[in-house]
Amino acid sequence: MADIITTPRSLMVTRQLCAKKRYLCHHADGHGWDVVNNGLSATDFGIALHEMLAQVMTSAEPLEADQPPVPVWYAIKLSKSALDSHVIRERRMLLDLLVYGWRKYRLPSILSAYNILTVEKEDSVVFDPEAYLPGNLAPSLKALKVPIRFDVVLKLKADPDHLVILDWKTTSAATQDWNNALDNSLQSCIYVEAARQLYPNKYIVGIGYEGLVKGRVEVDGAKSSPYNGLPIHYGSFLYGWQAKNGSTYKEYSTGRTRLFLPPVCTTTEEAFDACEAVYGGLEMFFPNTIPWKPKDAASVVAQQIVAENRFMADVELYEQLPEPMKYLYENTLFEQSLDACYKYGAKHACMCKDICHGGVVPSQEPMVFVPRVSHHSEIE
Ligand code: SF4
Numbered sequence: 088m089a090d091i092i093t094t095p096r097s098l099m100v101t102r103q104l105c106a107k108k109r110y111l112c113h114h115a116d117g118h119g120w121d122v123v124n125n126g127l128s129a130t131d132f133g134i135a136l137h138e139m140l141a142q143v144m145t146s147a148e149p150l151e152a153d154q155p156p157v158p159v160w161y162a163i164k165l166s167k168s169a170l171d172s173h174v175i176r177e178r179r180m181l182l183d184l185l186v187y188g189w190r191k192y193r194l195p196s197i198l199s200a201y202n203i204l205t206v207e208k209e210d211s212v213v214f215d216p217e218a219y220l221p222g223n224l225a226p227s228l229k230a231l232k233v234p235i236r237f238d239v240v241l242k243l244k245a246d247p248d249h250l251v252i253l254d255w256k257t258t259s260a261a262t263q264d265w266n267n268a269l270d271n272s273l274q275s276c277i278y279v280e281a282a283r284q285l286y287p288n289k290y291i292v293g294i295g296y297e298g299l300v301k302g303r304v305e306v307d308g309a310k311s312s313p314y315n316g317l318p319i320h321y322g323s324f325l326y327g328w329q330a331k332n333g334s335t336y337k338e339y340s341t342g343r344t345r346l347f348l349p350p351v352c353t354t355t356e357e358a359f360d361a362c363e364a365v366y367g368g369l370e371m372f373f374p375n376t377i378p379w380k381p382k383d384a385a386s387v388v389a390q391q392i393v394a395e396n397r398f399m400a401d402v403e404l405y406e407q408l409p410e411p412m413k414y415l416y417e418n419t420l421f422e423q424s425l426d427a428c429y430k431y432g433a434k435h436a437c438m439c440k441d442i443c444h445g446g447v448v449p450s451q452e453p454m455v456f457v458p459r460v461s462h463h464s465e466i467e
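In this note's numbering, the protein residues as written are 88 to 467.
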């Protein structure tokens, strides 16, 4: 087989979003740059949630089993952060209740239909150009190696030769297009082709996404709110509105005050019940898709083989340029997607905007960026 390019799927997504961002965050100066933050990111929340859910699946116990605790590393990070004590309690409570709710609403039906084959198992697959590209193109291309860690692989009880890949996804809201966006996503295509390679004698039913709606972090701007000025999870089930007569509602209207619903010093079950009492059932915060297999998965893999070969050839070319030439060619070789700079709204600008648009050089003062230590593509 030809030389190999190793690229995690998340880096393909970044390249599709903006080639310049992919270069700056994962290849620049041999390591890529990352922002200095308070040590606690949305990614940390997602990792902690996955750890707790993986524990649930590893024990494969229904709701009566012990609720897995919030990971110690996350609790320490939270306590060492500069976050307000309410926000720290909110983050811990949200992790705890999302896991509890998923166990309550989703786990029983999953366990009734499936047996668990693997949980968070590390693997990798190599997509060979000869297998995915026609004619004379393949011999000139390097193969694409992709590290794979399926959240859970399930075996259908009715037919153990049928496998489903389960994937947990946090989302800010349960919108109609949530599953549409995932059905034909790069992840679905890569996972289906990877599963076919890892389990060649099984029938891959598809990828089933399990949503957990966590809301979106935004500074509370409500003047009457006790949390005014704090970064809370809007749109999660943790908050309701209290009228002057003490009644609690899920919708705002004039005169109501934002209320954190889980009472202090209660069990997880009591805290969840307190949220359910206001929302009248929290199923909508745990959406899911049927297992789905995109029909164009193989052609998407072919696209990625070609795109990664092109991108890594540009990285190699750029790194060989003499220093004075480099900065002249950076934006030419690594196309900027200027429409992506504020893709997630004005409050969530791309971390590279000060480099691209503010004249900041990562390796110089002010040190707003630090070298990234992992997850960069490489040619073996
Ligand atoms: S600021 Fe915009 S152009 Fe620059 S890397 Fe980010 S998305 Fe790309």
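The beta carbon of each residue, even a glycine, is placed where N, CA and C say it ideally should be.
All values derive from a computational prediction rather than experimental measurement.
Within this structure, are the beta carbons of residue i and residue j separated by less than 8 Å?
i: Leu231; j: Glu395; result: yes
i: Ser168; j: Leu127; result: yes
i: Gly293; j: Val304; result: no
i: Leu420; j: Asp401; result: yes
i: Lys242; j: Leu204; result: yes
i: Val157; j: Leu194; result: no
i: Val112; j: Ser424; result: It is Cys, not Val, that sits at residue 112 in the sequence shown. Cβ atoms of Cys112 and Ser424: not closer than 8 Å.
i: Leu269; j: Tyr296; result: yes
i: Leu299; j: Trp255; result: yes
i: Arg236; j: Glu207; result: yes
i: Phe359; j: Tyr187; result: yes
i: Leu220; j: Ile392; result: yes
i: Thr335; j: Leu346; result: yes
Within 10 Å of its beta-carbon, does residue i have 16 or more other beta-carbons around it, so buried, or fewer, so exposed?
i: Thr93; result: buried
i: Met160; result: The residue you asked about is not Met; residue 160 is Trp in the sequence shown. Trp160 is exposed by the Cβ-count criterion.
i: Pro287; result: exposed
i: Lys107; result: buried
i: Ala389; result: buried
i: Leu228; result: buried
i: His101; result: Checking the sequence, you will find Thr at residue 101 rather than His. Thr101 should be labelled buried.
i: Asp116; result: exposed
i: Gly342; result: exposed
i: Arg397; result: exposed
i: Lys301; result: buried
i: Met412; result: exposed
i: Gly222; result: exposed
Is residue i helix, strand or coil when you go by DSSP?
i: Arg193; result: coil
i: Ser464; result: The predicted position of Ser464 is uncertain, since its pLDDT is 43 and thus under 50; no value can be drawn from it.
i: Lys440; result: helix
i: Val447; result: coil
i: Val157; result: coil
i: Gln103; result: helix
i: Ile175; result: helix
i: Ile134; result: helix
i: Lys468; result: There is simply no residue 468 to check, as the chain begins at 88 and stops at 467 in what is shown.
i: Asp90; result: coil
i: Leu185; result: helix
i: Lys434; result: coil
i: Thr257; result: strand
i: Leu425; result: helix
i: Thr145; result: helix
i: Thr262; result: coil
i: Leu408; result: coil
i: Glu207; result: strand
Worksheet item: At which residue ranges does the segment 268–355 contain complete alpha helix (DSSP H) runs of 4 or more residues, listed in the order of the chain?
Response: 273–285
Fill in: Complete beta strand (DSSP E) runs within the segment 210–249 (minimum length 3 residues, chain order)
230–243
Discussion item. Does the segment 168–188 come into contact with the segment 315–326, if we say contact requires no fewer than three beta-carbon pairs (one atom in each stretch) closer than 8 Å?
Written reply: yes
Worksheet item: Is the number of C-beta pairs between the segment 359–376 and the segment 255–266 that are closer than 8 Å three or more?
Response: yes
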